[in-house]
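If you're matching them up, the sequences are chains W and Y in order. Using my numbering, read the first sequence as starting at 1 and increasing by one per residue. Using my numbering, read the second sequence as starting at 1001 and increasing by one per residue. C-beta atoms are modelled at their ideal positions from N, C-alpha and C, and glycine is treated no differently. Given the structure is predicted, the values throughout are model-derived calculations rather than measurements. In what follows, a structure is listed as structure tokens, so that the remarks can point back to it.
There are 2 protein chains.
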Amino acid sequence: MAFDLQGWMQPHLLQIEQALTEWVDPKAPAGLGEAMRYAVLDGGKRLRPLLVLATAEATGAHTLDAALRAACALELIHAYSLVHDDMPCMDNDVLRRGKPTVHVQFGQAQALLAGDALQALSFELLTPQDGSVPPAVQATCVGLLARASGYWGMAGGQAIDLASVGERLTEAQLRQMHRLKTGALLLCSVQMGVACGDAVSDSIRLAFERFGEVLGLAFQVVDDILDVTADSTTLGKTAGKDAAADKPTYVALMGLQAAQRYADQLTQEAMQALGDTGLPPERLAALQGLASMVVNRNR
Amino acid sequence: MAFDLQGWMQPHLLQIEQALTEWVDPKAPAGLGEAMRYAVLDGGKRLRPLLVLATAEATGAHTLDAALRAACALELIHAYSLVHDDMPCMDNDVLRRGKPTVHVQFGQAQALLAGDALQALSFELLTPQDGSVPPAVQATCVGLLARASGYWGMAGGQAIDLASVGERLTEAQLRQMHRLKTGALLLCSVQMGVACGDAVSDSIRLAFERFGEVLGLAFQVVDDILDVTADSTTLGKTAGKDAAADKPTYVALMGLQAAQRYADQLTQEAMQALGDTGLPPERLAALQGLASMVVNRNR
Chain W
1 MAFDLQGWMQ PHLLQIEQAL TEWVDPKAPA GLGEAMRYAV LDGGKRLRPL LVLATAEATG
61 AHTLDAALRA ACALELIHAY SLVHDDMPCM DNDVLRRGKP TVHVQFGQAQ ALLAGDALQA
121 LSFELLTPQD GSVPPAVQAT CVGLLARASG YWGMAGGQAI DLASVGERLT EAQLRQMHRL
181 KTGALLLCSV QMGVACGDAV SDSIRLAFER FGEVLGLAFQ VVDDILDVTA DSTTLGKTAG
241 KDAAADKPTY VALMGLQAAQ RYADQLTQEA MQALGDTGLP PERLAALQGL ASMVVNRNR
Chain Y
1001 MAFDLQGWMQ PHLLQIEQAL TEWVDPKAPA GLGEAMRYAV LDGGKRLRPL LVLATAEATG
1061 AHTLDAALRA ACALELIHAY SLVHDDMPCM DNDVLRRGKP TVHVQFGQAQ ALLAGDALQA
1121 LSFELLTPQD GSVPPAVQAT CVGLLARASG YWGMAGGQAI DLASVGERLT EAQLRQMHRL
1181 KTGALLLCSV QMGVACGDAV SDSIRLAFER FGEVLGLAFQ VVDDILDVTA DSTTLGKTAG
1241 KDAAADKPTY VALMGLQAAQ RYADQLTQEA MQALGDTGLP PERLAALQGL ASMVVNRNR
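In structure tokens, the structure reads:
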């Protein structure tokens, strides 16, 4: 019987939404909590947090307290990066998830602060002081997330992106940019899932990491494809933006059809990496489903 | 014999500068490392890192590896907050530590990213993966710093500051704003010093925390005084800015002379709190010296 991905996702999405709703305090000073909740709640695909939970479960973990914190921490980092990326000095975007962007709604200064505070809150979530997560797991998750979101991760990838508008990048350069800009956080999702799950061997961990890396690349190729094939309403953000800004993309580099074939090939590699963990197929079904969803999504 | 504060500070400042120079990678992608180093190296008073080291030493600690990481992590958070605070959508300041601000030098987009990456790097420094800092100390320090810099700390204080331009605040409201905006990080310096030092009793820890709180308040009162009494060249930033922006300050609230008396009174309270630790006076001399320096500084 085919795996029911929607049936798996529904309770996990509910858990994530409830946790985010509880953990982003609406009463934070001077409207800051309100702006942060606007940026985080209601509307994201929650791909990264779902990957954390699915990976932790794949290792055999039954208790997901630590993984739920890691999942939400990742989503806060993702959300802060969108808030800052949308600001006038960056992409100057006014539409996100079908709503006005944070700086349009709350002003630029509040958007800047909300992004900053979301990053801090992410590390706060990873370090509960109630004894619910062992200190070693806390330290590992913080280390993974700080590196994945910093200058040799997401922020570094954004800097390359900024510097490369109008430049002609080679495929290797484009891959390096995306490996940092979007790939690092997706890989980190899988790594944190492993860190929060039951102990696994090094070879299983490495197979999961290979899965996370390839999935990150596939995600970006599909993103580039959607930028030219989807409309803004479906995307919930401005379509055709990269092409208009003359940004280097996989579609610009290799053409639409080749990019689609490349995405399919990467999906196969991701499935292979999952198989290489040697874990029982039923434990891997949710991760397989999420990987398919990444490639077949329409927004 | 009087304590030689300069003699104490010199090797500690050297340690801090060397560590920051080593730990902020100049080769980070697309000029990001360069912008981050510009924001961090060469010019800060390093008050927060000195407080971390002095507190750890006061507990009797001889090994300062963990404290040096905590010290630099705090300085990176402080530096990122200045970069973002100076941006046009916030204070729109062009001069900092006698140099053009980061966005003037590198552009707004790079300044935004550099601030974001400095925050991430701060948590990276706290979580070394070489076994040099016990996981429990890592987790404690991350928890303290994330909370001190987040929406119920520095970022929340900045949001109140933004919202209160042109407003008439009571002394209680003003105190709350500063307790978050600048006080939280100064208190955190002392708390992280305790966490990285030798184990102390709860009563000693609480006395240190009282010291950190009062010092934070004194720091801000003096900041407000300097805004009206010092010139821009001495300050290394634009003087008279708060008054010009009609920002609430202690000077605006109580007048210059009363503010100066208040700063003196807070200094006495800070010294009292140090005495309450019951630690040998020679161990407290550096912290006493730093507290005096905070109040008697001219920039």
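Proximity to residue i [Cα-Cα], best of the options
i	options	result
ASP1065 (chain Y)	Y:GLN1268, Y:GLY1193, Y:LYS1241 and Y:GLY1033	Y:GLY1193
ALA1261 (chain Y)	Y:ALA1028, Y:GLY1131, Y:ARG1069 and Y:VAL1221	Going by the sequence as given, residue 1261 (chain Y) is Arg instead of Ala. Here the closest residue by C-alpha is Y:VAL1221.
HIS84 (chain W)	W:ALA73, W:ALA111, W:GLN105 and W:LEU68	W:ALA111
PRO280 (chain W)	W:ILE204, W:GLN158, W:PRO11 and W:ASP93	W:ILE204
ALA1163 (chain Y)	Y:ASP1276, Y:ALA1030, Y:ASP1091 and Y:ALA1035	Y:ASP1091
PRO1049 (chain Y)	Y:GLN1015, Y:LYS1027 and Y:PRO1026	Y:GLN1015
ASP86 (chain W)	W:GLY115, W:ALA270 and W:CYS72	W:GLY115
GLY197 (chain W)	W:ALA71, W:LYS247, W:TRP8 and W:LEU186	W:ALA71
GLY1255 (chain Y)	Y:VAL1228, Y:THR1277, Y:GLN1268 and Y:LYS1241	Y:VAL1228
TRP8 (chain W)	W:MET36, W:ASP223, W:LEU32 and W:LEU51	W:LEU51
VAL295 (chain W)	W:LEU226, W:GLU17, W:ARG69 and W:GLN138	W:LEU226
THR1267 (chain Y)	Y:GLU1282, Y:TYR1250 and Y:GLY1212	Y:GLY1212
GLN10 (chain W)	W:MET36, W:LEU32, W:ARG46 and W:GLY33	W:ARG46
MET1036 (chain Y)	Y:ALA1258, Y:HIS1103, Y:ALA1067 and Y:PRO1088	Y:HIS1103
TRP152 (chain W)	W:ALA195, W:LEU185, W:ALA259 and W:GLN129	W:LEU185
ASP1223 (chain Y)	Y:GLY1131, Y:ARG1210, Y:VAL1200 and Y:TYR1250	Y:TYR1250
GLY1031 (chain Y)	W:ALA199, W:ALA155 and W:VAL94	W:ALA155
ASP1276 (chain Y)	Y:ARG1297, Y:ALA1230 and Y:GLU1209	Y:GLU1209
GLN119 (chain W)	Y:GLU1075, Y:VAL1200, Y:ASP1202 and Y:ALA1148	Y:ALA1148
ASP1231 (chain Y)	Y:GLN1129, Y:ARG1283, Y:ARG1299 and Y:LEU1253	Y:ARG1299
LEU1253 (chain Y)	Y:CYS1089, Y:GLU1171 and Y:SER1201	Y:GLU1171
ALA1291 (chain Y)	Y:LEU1187, Y:VAL1200 and Y:SER1201	Y:LEU1187
Exposed unless 16 or more other CB atoms sit within 10 angstroms - verdict on residue i
i	result
PRO100 (chain W)	exposed
PRO1029 (chain Y)	buried
ASP1004 (chain Y)	exposed
GLY44 (chain W)	buried
PRO1248 (chain Y)	buried
ASP246 (chain W)	exposed
ASP1242 (chain Y)	buried
LEU264 (chain W)	Checking the displayed sequence, the identity of residue 264 (chain W) turns out to be Asp instead of Leu. Exposed, because fewer than 16 other Cβ atoms sit within 10 Å of the Cβ of ASP264 (chain W).
VAL137 (chain W)	buried
HIS62 (chain W)	exposed
ALA2 (chain W)	exposed
GLY1150 (chain Y)	buried
GLN1257 (chain Y)	exposed
ALA1117 (chain Y)	buried
ARG1069 (chain Y)	buried
VAL1142 (chain Y)	buried
VAL1165 (chain Y)	exposed
ARG341 (chain W)	Because chain W in this structure spans residues 1 to 299, residue 341 (chain W) falls outside the shown range and cannot be described.
GLY98 (chain W)	exposed
GLY1278 (chain Y)	exposed
Span of the alpha helix (DSSP H) around residue i
i	result
PRO1248 (chain Y)	That residue, PRO1248 (chain Y), is in no alpha helix (DSSP H); it is neither H nor E in DSSP.
ALA2 (chain W)	No alpha helix (DSSP H) holds ALA2 (chain W); DSSP gives it neither H nor E.
GLY157 (chain W)	154 to 163
VAL40 (chain W)	32 to 40
THR1063 (chain Y)	Note, THR1063 (chain Y): premise wrong, no alpha helix (DSSP H); not H, not E.
VAL221 (chain W)	202 to 229
GLY296 (chain W)	Reading the sequence as shown, one finds Asn at residue 296 (chain W) and not Gly. ASN296 (chain W) -> alpha helix (DSSP H) spans 281 to 296.
VAL133 (chain W)	From DSSP, VAL133 (chain W) is part of no alpha helix (DSSP H); its letter is neither H nor E.
TYR1151 (chain Y)	Run containing TYR1151 (chain Y): none; DSSP gives neither H nor E here.
GLU1167 (chain Y)	Careful: GLU1167 (chain Y) lies outside any alpha helix (DSSP H) and carries neither H nor E.
LEU1256 (chain Y)	1256 to 1276
MET1192 (chain Y)	1184 to 1196
ASP1116 (chain Y)	1108 to 1125
Strand pairing of residue i, partner residues [DSSP]
i	result
ARG96 (chain W)	W:LYS99
Original post:
How about the region 1270 to 1290 of chain Y and the region 1053 to 1063 of chain Y: do they share at least three Cβ pairs that are nearer than 8 Å?
Top reply: yes
Subject >> Stretch pair the region 38 to 52 of chain W + the region 9 to 23 of chain W: three plus CB contacts closer than 8 Å >> reply: yes
Original post:
Hey, is the region 70 to 79 of chain W in contact with the region 215 to 229 of chain W, meaning 3+ C-beta pairs nearer than 8 Å?
Top reply: no
**OP:** Check whether the region 1107 to 1121 of chain Y touches the region 1179 to 1195 of chain Y, taking contact to mean three or more Cβ pairs, one atom from each stretch, closer than 8 Å.
**Re:** no
Original post:
Does the region 266 to 273 of chain W come within contact of the region 1023 to 1036 of chain Y, defined as at least 3 CB pairs closer than 8 Å?
Top reply: Put simply, the region 266 to 273 of chain W does not touch the region 1023 to 1036 of chain Y. Fewer than three CB pairs are less than 8 Å apart.
**OP:** Determine, using beta-carbon pairs with one atom in the region 1119 to 1138 of chain Y and one in the region 157 to 172 of chain W, whether at least three such pairs fall under 8 Å.
**Re:** Contact between the region 1119 to 1138 of chain Y and the region 157 to 172 of chain W is absent, because fewer than three Cβ pairs lie under 8 Å.
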